[in-house]
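Asks: Position in the sequence shown (first residue = 1) + 562 = my numbering.
Using N, Cα and C, we set each Cβ at its ideal position, and we do this for glycine too.
This one's a predicted model, so the numbers in the text were calculated from it and none came from an experiment.
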Amino acid sequence: MAQSSPNLHGRAQLVMALRGKGITNRSILEALEKVPREDFVDALFEAEAYTDRAIPIACGQTISQPFVVAYMSEALEVGPRMRVLEIGTGSGYQAAVLAHLAGRVYSIERHRPLLEVARKRLEKLKLHNVVTRHGDGFLGWKEQAPFDRIILTAAVDVVPKLLIDQLKPGGILIAPIAPQEAPSPPAESIYQSLTKIMHSEQGLVAESLIKVLFVPMVEGLPQETRHGMERSR
Ligand code: SAH
């Protein structure tokens, strides 16, 4: 599909690199091949869009490394009829990838400027099965709950109970969880443990996957936008 972007070569190369790093699921690789990552970064970083790296975006945040997006999407075991909640829309890239895998994606972002840009990108790509909301992800999206899958793309110390409560029985939640203790000696980057939580008949079962580096999930809304939670689309 020649959508807005001509850079099919960059995307194909990225997919090859991800294959080399152990991503084997075909639908995940196809989803990444369909999403023009250069549309999700500032013009300044366009040349780096298909390197397997996180890239800075506005409001001091980052668009995740494609490997991590692919890995998380794979671990989430998303099916085509599922309803997925994402906390941390950021650039909108992870939501765009999930849009190709899920039935509907609900994505929440606390920075209004980021959300507005992300929404335009998703509209331009005609990914109409993504619904976004400006709000605090710690509260989840009660009106749309429960969800088959929940993905946190910002790091937490513990997974908020409110989010677990919005997960369907049999559902899966993926989150980067910060270490309980700071490393000694102090490290510049403190890696989190990407954790998969399965809501099984025996209760919650947690499995640690890989080390990741995400920005922290921050409670509440930034000062200038505190006047309201509003559905954006
Ligand atoms: N998924 C994004 C990358 C996420 S970066 C992408 O594909 O580009 C983490 C994002 O989580 C940031 O945009 C940050 O503003 C957002 N965030 C942090 N705390 C949040 C909260 N409490 N509620 C909603 N979003 C939050």
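#1: Reducing DSSP to helix, strand and coil, say where Phe709 ends up.
#2: Hey, which unbroken runs of the alpha helix (DSSP H) at 4 residues or more fall wholly within the segment 664-722?
#3: Helix, strand or coil for Glu592, going by three-state DSSP, please let me know.
#4: In chain order, what residues of the same chain lie with their CB nearer than 6 angstroms to the CB of Arg666, ignoring the 5 residues before and after it?
#5: Suppose the cutoff is 7 angstroms on Cβ atoms and the five residues either side in sequence are ignored; what does the same chain contact list for Gly790 look like?
#6: Could you give the C-beta distance for Glu678 and Gly650, rounded to a whole number, given that I count them as a contact under 8 angstroms?
#7: Can you tell me which residues form a DSSP beta bridge with Gly765?
#8: Would the segment 734-741 count as touching the segment 709-718 if we require 3 or more Cβ pairs under 8 angstroms?
#9: In the DSSP output, which residue or residues are listed as bridge partners for Gln745?
Replies: For this structure:
#1: Correct three-state label for Phe709: strand.
#2: List check, alpha helix (DSSP H) in window: 674-686.
#3: Glu592 falls in the helix class under three-state DSSP.
#4: Answer for Arg666: Arg645, Asn691, listed in chain order.
#5: Per-residue confidence for Gly790 stands at a pLDDT of 47, beneath the threshold of 50, marking its modelled position as unreliable; the derived number appears in the next sentence. Cβ contact annotation for Gly790 (same chain, cutoff 7 angstroms, sequence separation greater than five): none.
#6: Between Glu678 and Gly650 the beta-carbon gap is near 15 angstroms, outside 8 angstroms, which marks them as no contact.
#7: According to DSSP, Gly765 bridges with Ser762.
#8: The segment 734-741 makes contact with the segment 709-718; the number of CB pairs closer than 8 angstroms reaches 3 or more.
#9: The sequence as given places Pro at residue 745; Gln does not occur at that position. According to DSSP, which records beta bridges pairwise, Pro745 is partnered with nothing at all.
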